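Participant:
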Amino acid sequence: MALVLAIDIRNTRTRIGLAVDGRLVSQWAVPTDSAETADGAVACVLGFFDALARNLAPIEKDAPDAIDLPESAPLADGAIIASVIPALTGVWSDAARRLTDARPLTVGPGLKTGLKMNFSDPTAVGADRVAEMVGAKSTYGAPALVIDLGTSTTFELLDEAGAFRGGIIAPGMKLGAQALARGAAQLAAVELRAPKSLLGRTTVEAMQAGIVMGEVARIDGLIDMIWADCGYTTPVILVGQDAETIAALMAHAVTVDQTLALRGLLELYTANTRR
């Protein structure tokens, strides 16, 4: 039984997944700490394994509902990391090496992705975006459009041949809300949820309409613009912390898939360790 750790380090959250024989069995998300140490990262993963030992709830079909978790290091046979924070890449790599007794794979130059990148500088495409596109291609085929709602809102288009055609990066919803609160003395931070009506009757409702419904309109509008630009429609996959909230408000039919990047990482691990 092969155990593999997938670690997805984002600006706001770090998500850890565990796969057994290539099947994702569980995931855990923690706030990303820019001051994290290798010792702290090891403790984080140990906490994940402790929680798994007490309550393993498989999140993929056909995944085993019971596994024998190691009681001491090495806890897994290998690991793969996608990181958008260079300062933390080495920290988590050191932790993964200690937890697996093996050098972890890192998404970046030199790693085989199987994706043709129609991008002027393929090395500039974020590791998280690469993992999502690999997961989307494997799960949904091509073409496909992945939209990630995080610190930034990103769009990645896989064309009909399964190549990365290009993307869009925009400020995320929370980032926009924070900028609005900082830049306007009389506007405070608000809970990001849909208002009772589009035209707010209070300042809070008006801000919620502008921020939340504005994000919905932006995403719906950009989907139509992308489809018009490429000349065909695509499945749309939504990921990120606010994906469920936004998906329920959109005019387009979308699929929310919160394990897309972790599954993409596991695909990459398999492709780069297959003998």
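Just so you know, we're using the numbering used here here: the sequence shown kicks off at 10 and counts up by one. Backbone N, C-alpha and C define an ideal beta-carbon position, used for all residues, glycine too. All values reported here derive from a predicted model rather than from experimental measurement.
My assumption, with CB atoms under 8 Å, is that serine 92 sits in contact with isoleucine 18. Please give the rounded CB distance.
Facilitator: With a Cβ gap of about 4 Å, serine 92 and isoleucine 18 count as contacting.
Participant: Is methionine 285 buried or exposed, if buried means 16 or more other CB atoms sit within 10 Å of its CB?
Facilitator: Residue 285 is absent from the model: the chain starts at 10 and stops at 284.
Participant: Go ahead and label isoleucine 178 buried or exposed: buried means 16 or more other beta carbons lie within 10 angstroms of its beta carbon, across all protein chains shown.
Facilitator: Burial call: exposed.
Participant: Pick from Ala151, Asp157, Pro152, Thr132: whose alpha carbon is nearest that of glutamate 141?
Facilitator: Among Ala151, Asp157, Pro152, Thr132, the Cα nearest to that of glutamate 141 belongs to Asp157.
Participant: Measure the CB-CB distance between valine 225 and leucine 201 and report whether it falls below 7 Å.
Facilitator: No, they are not a contact pair.
Participant: Quick one: give me the first and last residue of the alpha helix (DSSP H) that leucine 275 is part of.
Facilitator: 269-282 is the extent of the alpha helix (DSSP H) around leucine 275.
Participant: Reducing DSSP to helix, strand and coil, say where aspartate 17 ends up.
Facilitator: Residue state, collapsed to three classes: strand.
Participant: In the DSSP assignment, find the beta strand (DSSP E) that holds valine 139 and state where it starts and stops.
Facilitator: Note, valine 139: premise wrong, no beta strand (DSSP E); alpha helix (DSSP H) at 136-149.
Participant: Could you give the residue range of the beta strand (DSSP E) that holds threonine 23?
Facilitator: Where threonine 23 is concerned, the enclosing beta strand (DSSP E) stretches over 22-29.
Participant: Take cysteine 53 as the anchor and find which of Thr98, Lys205, Ile25 has the nearest alpha-carbon.
Facilitator: With distances taken between Cα atoms, cysteine 53 lies closest to Ile25.
Participant: Would arginine 191 and glutamate 165 qualify as a contact pair, given that the criterion is a beta-carbon distance under 7 Å?
Facilitator: Cβ atoms of arginine 191 and glutamate 165: not closer than 7 Å.
Participant: Hey, leucine 274 and alanine 15: beta-carbon distance below 7 Å or not?
Facilitator: Yes, they are a contact pair.
Participant: Measuring straight from C-alpha to C-alpha, what distance separates proline 83 and proline 40?
Facilitator: Computed Cα separation, rounded: 25 Å.
Participant: Determine, using beta carbons only, whether alanine 203 comes closer than 7 Å to chain D.
Facilitator: This model lacks chain D altogether; it includes just one protein chain.
Participant: Counting Cβ pairs closer than 8 Å, one from the region 208-217 and one from the region 225-236, do we hit at least three?
Facilitator: No, because fewer than three Cβ pairs between the region 208-217 and the region 225-236 fall closer than 8 Å, the two stretches do not touch.
Participant: For glycine 87, which residues of its own chain have a beta-carbon under 6 Å away from its beta-carbon, when the five flanking residues on both sides are left out?
Facilitator: Excluding residues within five positions, the ones whose Cβ falls inside 6 Å are Val13, Thr109, Ala111.
Participant: Assign alanine 257 to one of two classes, buried (16 or more other C-beta atoms within 10 Å of its C-beta) or exposed (fewer than that).
Facilitator: Result: exposed.
Participant: Tell me which same chain residues have a C-beta within less than 8 Å of the C-beta of leucine 114, skipping the five on either side of it?
Facilitator: Contacts found: Gly87, Ala88, Ile89, Ile90, Leu120, Leu277, Tyr278, Asn281, Thr282.
Participant: Taking the C-alpha atoms as reference points, what is the distance between alanine 188 and proline 79?
Facilitator: Roughly 46 Å separates the two Cα atoms.
Participant: Assuming alanine 151 contacts alanine 170 under a Cβ cut-off of 8 Å, what Cβ separation, rounded to an integer in Å, is found between them?
Facilitator: Yes, they are in contact, since the Cβ atoms of alanine 151 and alanine 170 sit about 7 Å apart, within 8 Å.
Participant: Please classify glutamine 36: does DSSP put it in a helix, a strand, or coil?
Facilitator: Correct three-state label for glutamine 36: strand.
Participant: Name the DSSP bridge partner or partners of phenylalanine 173?
Facilitator: Paired residue(s): Met126, Leu167.
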